[in-house]
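Data first, discussion second: the structure below is written as structure tokens.
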Amino acid sequence: MHLPGFYARRGELVGQAAILEHAFCESGRPESLEKRIPGFVVSALDIFPYSAKLAPMLTLTIEKRDPKAKLDVLRKGGFMPGVFYGRKETSTPISIVEKDFVKAWKKAGETSIIILKDGATEHEALIQDVDLDPVRDTPRHVDFYVVEKGKKLKIKVPVEFRGISEAVKSLGGILVKVLHEVEIEALPKDLPHSLVADLSLLSTLESVITAKELKLAEGVTLLAKPDDVVAAITVAKEEVEEAPVDVANIEVVDAKGKKPAEGEAAAAGAAPAADAKKDAPKK
């Protein structure tokens, strides 16, 4: 049986795919799956630990807001103003419980779908923009972009660097993170929270990780160039100490570009010495 990011040699998966994902992500250990999901037998070799991270489907309860309402009063009551809009959605002012939004924002970021629930009405949306208080650095307003169901989205998702590079650990290499986000295309329900770059692929000082080597979940298409470098290894160069310059070997050229005749350079050097002797105080 195949599940994006997970492979089993034998056994049956009980329940929805989300249960399996939750069980693995919560503990990070393959053996926990045998305890959490009856009938599912898995070993460490059956799992690709650095597959694309599926985006969590979160829900936020919203209320339509009177545009003329005082925002200071709203915020003092523990609520936060916001707005949602979309290609087929008119701009609608809303209010959300601030602490609920902060929790959802930390989990979803700006690349995961959030369900905005207003009574019996639901909207699938992405966090488009968050306005932060310049002093407290806390959110004070949010824009949601409502997506069209069944229509694929083009979006940039962050790259998560995981694992240990043998080139860094044993060969003295330095990890260079070239790309921190990659553009993909997927249906809203298939959007990953992030794409994972497996640093164990960097085994030599010449190794690189390209975009095509990022693990993609089913239904996700890479839009970035396949050969774009995501991470690479470099080596620190030792500073070479320059040899001291021998002043005696420096060629002297006058303002006209001519070299002084033999003996002139010595005479020129002797003249200042003679002047200095002449000006010296008499005893």
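So that you can map any letter, position 8 of the sequence shown is 9 in the working numbering, and since no number is skipped, the others follow by simple counting. Virtual Cβ for every residue (Gly too), placed ideally from N, Cα, C. Note that this is a predicted model, so its numbers are computed, not measured.
Within the segment 105-178, the complete beta strand (DSSP E) runs of at least 3 residues fall at 115-119, 122-133, 140-147, 154-163 and 175-178. The three-state reading of DSSP puts Ala212 in helix, counting H, G and I together. Under the three-state reduction of DSSP, Val221 is assigned to coil, being neither helix nor strand. With contacts defined by Cβ atoms closer than 8 Å, Lys65 and Asp119 form a contacting pair. For Glu186, the pairing in a beta bridge is given by DSSP as Lys155 and Thr222. Secondary structure note for Leu196: its beta strand (DSSP E) is the uninterrupted segment Pro193 to Asp199. Rounded to the nearest whole angstrom, the C-alpha separation of Ala218 and Asp191 is 8 Å. Contact between Ile185 and Thr222 holds: their C-beta atoms lie close to 6 Å from each other, under 8 Å. The alpha-carbon separation between Ala198 and Asp67 amounts to approximately 45 Å. If you check the CB distance, Leu127 and Phe85 do not come in under 8 Å. Residues of the same chain with a CB within less than 7 Å of the CB of Leu72, apart from the 5 flanking positions on each side, are Pro82 in chain order. For Lys238, there is no enclosing alpha helix (DSSP H), as DSSP marks it with neither H nor E.
A residue is called buried once 16 or more other Cβ atoms fall within 10 Å of its Cβ, and Ala70, having fewer, is exposed.
Counting along the chain, no alpha helix (DSSP H) covers Leu202, and no H or E run does either.
In this structure His124 is buried. Its beta-carbon is surrounded by 16 or more other beta-carbon atoms within 10 angstroms. Remark: three or more beta-carbon pairs, one from each stretch, lie closer than 8 Å, so the segment 223-239 and the segment 163-174 are flagged as touching.
Residues of the same chain with a CB within less than 8 Å of the CB of Lys100, apart from the 5 flanking positions on each side, are Gly79 in chain order.
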